[in-house]
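**Student:** Following UniProt numbering, the numbering of the sequence shown begins with 1 at its first residue and continues without gaps.
One structure, as structure tokens, below. Some questions next.
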Amino acid sequence: SGRYVFITIPSKTASLNLCEVQIYAVYEFDLTKTGSVTQSSTAVIEMTADQGVDNDRLTCIVTKEQTDPWWKIDLRRYYDVEEVVIYPHSESFIPYSSQLYHVHVDQRLCGNAGVANKKFVSVICSPKLHGRVIVIKNVGANKRVALCEVEVYSEVRVAYDHLCRSPYLCNSDYRCGSGNGYTTCECKEEGTFVQVCVTDFDECKTAPCLSDHICNNTVGSYRCECPLGFAEDPSSQNPVNVICNDVDECQVPSTCSSDLVCNNTVGSYRCECSLGYVEDPSSQNPVNVTCVDFDECKTAPCPSDHICNNTVGSYRCECPLGFVEDPSSQNPVNIICNDVDECQVPSTCSSDLVCNNTVGSYRCECSLGYVEDPSSQNPVNVTCVDIDECQSGSACRSDLVCNNTFGSYRCECALGFVEDPSSQNPVNTLCNDVDECVNSVESLGCSSLSNCVNLEGSFFCTCKEGYLGDGQTCQGRREVFEMVCRNRGGLESMCDKSGDYKCKCDNGSGRVVDIHEAALRV
1 SGRYVFITIP
11 SKTASLNLCE
21 VQIYAVYEFD
31 LTKTGSVTQS
41 STAVIEMTAD
51 QGVDNDRLTC
61 IVTKEQTDPW
71 WKIDLRRYYD
81 VEEVVIYPHS
91 ESFIPYSSQL
101 YHVHVDQRLC
111 GNAGVANKKF
121 VSVICSPKLH
131 GRVIVIKNVG
141 ANKRVALCEV
151 EVYSEVRVAY
161 DHLCRSPYLC
171 NSDYRCGSGN
181 GYTTCECKEE
191 GTFVQVCVTD
201 FDECKTAPCL
211 SDHICNNTVG
221 SYRCECPLGF
231 AEDPSSQNPV
241 NVICNDVDEC
251 QVPSTCSSDL
261 VCNNTVGSYR
271 CECSLGYVED
281 PSSQNPVNVT
291 CVDFDECKTA
301 PCPSDHICNN
311 TVGSYRCECP
321 LGFVEDPSSQ
331 NPVNIICNDV
341 DECQVPSTCS
351 SDLVCNNTVG
361 SYRCECSLGY
371 VEDPSSQNPV
381 NVTCVDIDEC
391 QSGSACRSDL
401 VCNNTFGSYR
411 CECALGFVED
421 PSSQNPVNTL
431 CNDVDECVNS
441 VESLGCSSLS
451 NCVNLEGSFF
461 CTCKEGYLGD
471 GQTCQGRREV
481 FEMVCRNRGG
491 LESMCDKSGD
501 YKCKCDNGSG
511 RVVDIHEAAL
521 RV
């Protein structure tokens, strides 16, 4: 490495005679200059992907903030890639550039580059990776790729050049001859080699490779290489007839973003939506598709007695109202549902109603002695009215009196009877006769001149001996006869010789009066 070349003869007496000096050297060349570039998105219209390889580090690219953004270049030929140099964006984009970039060669990781606060960073592929597509990716959500220039160098990083002359063409005095991997200009006649000839024969113009291979012209030769998505079989020893195997890009975890499924195809791959998602119709990039949630419930996947609940990326079959999921259910798509006994909760129905559990629901019903109002339309909050059991006429025994109560009724003892203290059934009451005669006859509404006679369920009063009347009113015999005789036509009473009273007819009237003793008691 240097800038001066000295030619000397180590002798004090020698003289140096020469006609021309040609100097040859090797130099690095960037493989990106003929490549095709793309990027996952563009944040600013003028910051397009090609500005990453335009030899101008003041023009840059910036992607939108997204998941796993990337910048990619197809070198159009296969190389043994040894080094990738990245020039990050300026300081104003530190939030975007202070990230860890992942560099891939045909889906194989070359290395990672932390670009924060650096003017450039070099990523060395060790071992060298044979491929043609270079991808720079910022893995993660809400990320960007922001860079100003990318350079890619191959394992063969040299080119032969004549440093002293231009143009490097053989003139009419020379002929082209083959050198060590390059072409030389030689004297037509026997003489001295003077100049490199840059004119190389491009064998690829004659299509020497198989139709599914790519011809790569080299200095003095050519190679038949595998197309994108294929890799040369290690057993291939013939550079003209190589064996190509499909590259399974899906073996590299970062090929697709974490929320996509990688599907390898022959010579390529697809990033597809995970189960429960469907590709957005607007997606046009098979590598970076946009997925939207698929509403499985539209296809009615659950049993008819279950409720389908769509979730992000999936769905659940849930129990309907009135049922609860069985704890043993482990399959969210085919759960077991058990009936909920709402009546176990005391507050389900109001305190004056009876809770009746049904399959999947319940009813609040009227208590015994009540019936639902026909106007009730709410099975949970019914209106109840009292049942008058006494209207049936058969609620109580014939010897009892029916008394309706709210929600029930009582069979009570009839007048003249009293409930037995041992009676505990209000519907089948035991009754005992009331002995009214234990009370004074006056309190019973009878004459003080009467005697009380108790009956089963009743009583009566009869006048004492020597008195006549209905028991409530008792009088002496004379007073009675006077009253009776007057009632029999205004007759007078008289006492006969035996001491009995009789009604006396007027003389000459021709009337006869028959008085019965029974009539005297009336």
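Every residue gets a Cβ at the ideal spot worked out from N, C-alpha and C, and that includes glycine.
Predicted model only: the values in this text are computed from it and were never measured.
Let me know the secondary structure DSSP gives residue 199 once reduced to three states.
**Tutor:** Reading the sequence shown from its first residue, position 199 is the one you call residue 199. Here residue 199 scores only 47 on pLDDT, less than 50, and its place in the model should not be relied on; the value that follows carries that caveat. It is coil, neither helix nor strand.
**Student:** Under a three-way DSSP split, which group does residue 407 fall into?
**Tutor:** The residue labelled residue 407 in the question sits at position 407 within the sequence shown. Residue 407 falls in the coil class under three-state DSSP.
**Student:** Where residue 437 and residue 403 are concerned, what is the direct C-alpha to C-alpha distance, given to the nearest angstrom?
**Tutor:** One-based indexing of the sequence shown puts residue 437 at position 437. One-based indexing of the sequence shown puts residue 403 at position 403. Taking the straight line joining both Cα atoms gives about 28 Å.
**Student:** Considering just the uninterrupted stretch of the beta strand (DSSP E) at residue 469, what are its terminal residues?
**Tutor:** Locating residue 469 in the sequence shown gives position 469, counting from the first residue. Run containing residue 469: 467-469, per the beta strand (DSSP E) assignment.
**Student:** Comparing alpha-carbon positions, which option in 236, 235, 240 lies nearest residue 209?
**Tutor:** The residue you call residue 209 lines up with position 209 of the sequence shown. Nearest C-alpha to residue 209: 240.
**Student:** What is the rounded straight-line gap between the Cα of residue 231 and the Cα of residue 81?
**Tutor:** For this step, residue 231 is matched to residue 231 along the sequence shown. For this step, residue 81 is matched to residue 81 along the sequence shown. Between residue 231 and residue 81, the C-alpha separation is close to 14 Å.
**Student:** Determine the DSSP secondary structure at residue 379, reduced to helix, strand or coil.
**Tutor:** Along the sequence shown, one-based indexing puts residue 379 at 379. Looking at residue 379 - three-state DSSP - the assignment turns out to be coil, as it is neither helix nor strand.
**Student:** If we ignore side chains and look at the alpha-carbon of each, how far apart do residue 285 and residue 268 end up?
**Tutor:** Sequence index remark: in the sequence shown, residue 285 carries index 285 (1-based). Sequence index remark: in the sequence shown, residue 268 carries index 268 (1-based). Approximately 13 Å, taken between the alpha carbons.
**Student:** Looking only at C-alpha atoms, which of 442, 435, 469 sits nearest to residue 453?
**Tutor:** The count along the sequence shown starts at 1 and reaches residue 453 at position 453. Ranking the options by Cα distance to residue 453, first place goes to 435.
**Student:** Measuring alpha carbon to alpha carbon, tell me which of 248, 109, 238, 50 ends up nearest residue 150.
**Tutor:** The sequence position of residue 150 within the sequence shown is 150, counting from 1. Comparing Cα-Cα distances from residue 150 to each of 248, 109, 238, 50, the minimum goes to 50.
**Student:** With a threshold of 6 Å on Cβ separation, who are the neighbours of residue 59 within its own chain once the five nearest residues in sequence on each side are excluded?
**Tutor:** In the sequence shown, residue 59 corresponds to position 59, counting from 1. The answer, listed in chain order, is 51.
**Student:** If you drop the 5 nearest sequence neighbours on each side, which residues of the same chain put their C-beta closer than 8 Å to that of residue 301?
**Tutor:** Looking up residue 301 in the sequence shown gives position 301. Excluding sequence neighbours, residue 301 sits near 308, 315, 317, 333.
**Student:** DSSP on residue 346, reduced to helix/strand/coil?
**Tutor:** Numbered from its first residue, the sequence shown carries residue 346 at position 346. Reduced to three states, the DSSP call for residue 346 is helix.
**Student:** Name the one or two DSSP bridge partners that residue 361 has.
**Tutor:** For the purposes of this step, residue 361 is taken as the residue at position 361 of the sequence shown. DSSP lists 358 as partners of residue 361.
**Student:** Give the DSSP-derived three-state secondary structure of residue 126 in the structure shown.
**Tutor:** On the sequence shown, residue 126 is found 126 positions in, with the first residue counted as 1. Strand, per DSSP.
**Student:** Out of curiosity, what's the CA-to-CA distance linking residue 342 and residue 374?
**Tutor:** To locate residue 342, count along the sequence shown from 1; it is residue 342. To locate residue 374, count along the sequence shown from 1; it is residue 374. Distance between the alpha carbons of residue 342 and residue 374: 25 Å.
**Student:** Just to confirm before moving on: does the CB-CB distance between residue 370 and residue 390 stay below 7 Å?
**Tutor:** Sequence index remark: in the sequence shown, residue 370 carries index 370 (1-based). Sequence index remark: in the sequence shown, residue 390 carries index 390 (1-based). Their beta carbons are not under 7 Å apart, which means residue 370 does not touch residue 390 by this criterion.
**Student:** For the region 32-52 against the region 118-126, do three or more pairs of beta-carbon atoms, one drawn from each stretch, fall closer than 8 Å, so that the two count as touching?
**Tutor:** The answer is no - the region 118-126 does not touch the region 32-52, with fewer than three Cβ pairs under 8 Å.
**Student:** Expressed to the nearest angstrom, what Euclidean distance is found between the alpha-carbon atoms of residue 362 and residue 325?
**Tutor:** Position 362 of the sequence shown, counted from the start, is the residue given in the question as residue 362. Position 325 of the sequence shown, counted from the start, is the residue given in the question as residue 325. Going from the Cα of residue 362 to the Cα of residue 325 covers about 18 Å.
**Student:** Per DSSP, which one or two residues make a beta bridge with residue 476?
**Tutor:** Start at 1 with the first residue of the sequence shown, and residue 476 comes out as number 476. According to DSSP, residue 476 bridges with 467.
**Student:** Below 8 Å on the Cβ atoms is my contact criterion, and I expect residue 537 with residue 139 to pass it. Report the Cβ-Cβ distance as a whole number of Å.
**Tutor:** No information on residue 537 is available, as it lies outside the stretch 1 to 522 that the chain covers here.
**Student:** Around the C-beta of residue 216, are 16 or more other C-beta atoms found within 10 angstroms, so that it is buried, or is it exposed?
**Tutor:** Counting from one through the sequence shown, the residue named residue 216 turns up at place 216. When all chains shown are included, residue 216 counts as buried.
**Student:** Residue 561 bridges to which residues according to DSSP?
**Tutor:** Residue 561 lies beyond the residue range present for the chain, which begins at 1 and ends at 522; the question has no answer from this structure.
**Student:** What's the call for residue 13, buried or exposed, on a 16-neighbour Cβ count within 10 Å?
**Tutor:** Residue mapping note: residue 13 aligns to position 13 of the sequence shown, counting from 1. By the neighbour-count rule (16 or more Cβ atoms within 10 Å), residue 13 is not buried but exposed.
**Student:** Between the Cα of residue 344 and the Cα atoms of 354, 400, 420, which residue gives the shortest distance?
**Tutor:** One-based indexing of the sequence shown puts residue 344 at position 344. Nearest of 354, 400, 420 to residue 344, Cα basis: 354.
**Student:** Determine the direct distance from the alpha carbon of residue 99 to that of residue 225, and round the result to whole angstroms.
**Tutor:** Start at 1 with the first residue of the sequence shown, and residue 225 comes out as number 225. Start at 1 with the first residue of the sequence shown, and residue 99 comes out as number 99. Answer to the nearest angstrom: the Cα atoms are 35 Å apart.
**Student:** Quick one: is residue 46 buried, meaning 16 or more other Cβ sit within 10 Å of its Cβ, or exposed?
**Tutor:** As a position in the sequence shown, residue 46 is number 46, starting the count at 1. Residue 46 should be labelled exposed.
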